[in-house]
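Chemist: Position one of the sequence shown corresponds to residue 1 (the UniProt record's numbering), numbered consecutively onward. Idealized CB from N, CA, C, for every residue including glycine. Shown below is the structure under consideration.
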Amino acid sequence: MPKKTQIKTKQVKKPASPKQIMSGRVYVTATFNNTLVNLTDSRGNTIAWSSSGAVGFKGTRKSTPFAAISAVEKVAASAKNVGMSSVEVYIKGPGPGRDAAIRALRNAGLNITMIADVTPVPHNGARAKKKRRV
């Protein structure tokens, strides 16, 4: 009598589809050397992030408005993948990518519900950098 063998069947799990998040926050930090973009949900959990350097720009080109637009477009694409339609924008820093980042978010099709400037302003704290003389 032949020996009976049992074949184990594995249950195949479907890949988890990303959760649908309707609204979130975009934090833009625009320094003189780089522009950082962070996409979070309403609780503050990071969903996606990017920066001018992470997109592929190096050196002084990281501080350009075009580099900021590229970083924002990458984050906006992941916002669309999650199903996000409206965002609150928090901007920090004096860099050249500030306005370009807001424009890129609007052009990406995200509805901007609020824009807040959260740049820290000292009440005469540390000494400022010396003025550049060219």
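Measure how close the beta-carbons of Ala-68 and Ala-30 come, nearest whole angstrom, since I'm counting them as under 8 Å.
Modeler: Between Ala-30 and Ala-68 the Cβ distance is about 7 Å, and since that is below 8 Å, they are a contact.
Chemist: Anyone know if the C-beta pair for Thr-46 and Val-87 falls short of 8 Å?
Modeler: Against a cut-off of 8 Å, the Cβ pair of Val-87 and Thr-46 comes out as no contact.
Chemist: Using the rule of at least 16 other Cβ atoms within 10 Å of the residue's Cβ for burial, across every protein chain shown, is Pro-65 buried or exposed?
Modeler: Flag for Pro-65 reads buried.
Chemist: For Ile-91, count neighbouring Cβ atoms within 10 angstroms of its own Cβ and tell me buried if that reaches 16, exposed if not.
Modeler: Buried, by the Cβ-count rule.
Chemist: Of the residues Gly-59, Ile-102, Ile-7 and Leu-105, which one's Cα is nearest the Cα of Asn-34?
Modeler: That would be Gly-59, whose Cα lies nearest to the Cα of Asn-34.
Chemist: Thinking C-alpha only, which one of Ser-52, Arg-25 and Phe-32 is nearest Leu-39?
Modeler: Looking at the Cα atoms, Arg-25 is the closest of the given residues.
Chemist: If we ignore side chains and look at the alpha-carbon of each, how far apart do Ala-77 and Ile-7 end up?
Modeler: Going by the C-alpha atoms only, they are around 44 Å apart.
Chemist: Output the boundary residues of the alpha helix (DSSP H) element that contains Lys-74.
Modeler: Note, Lys-74: alpha helix (DSSP H), 65-82.
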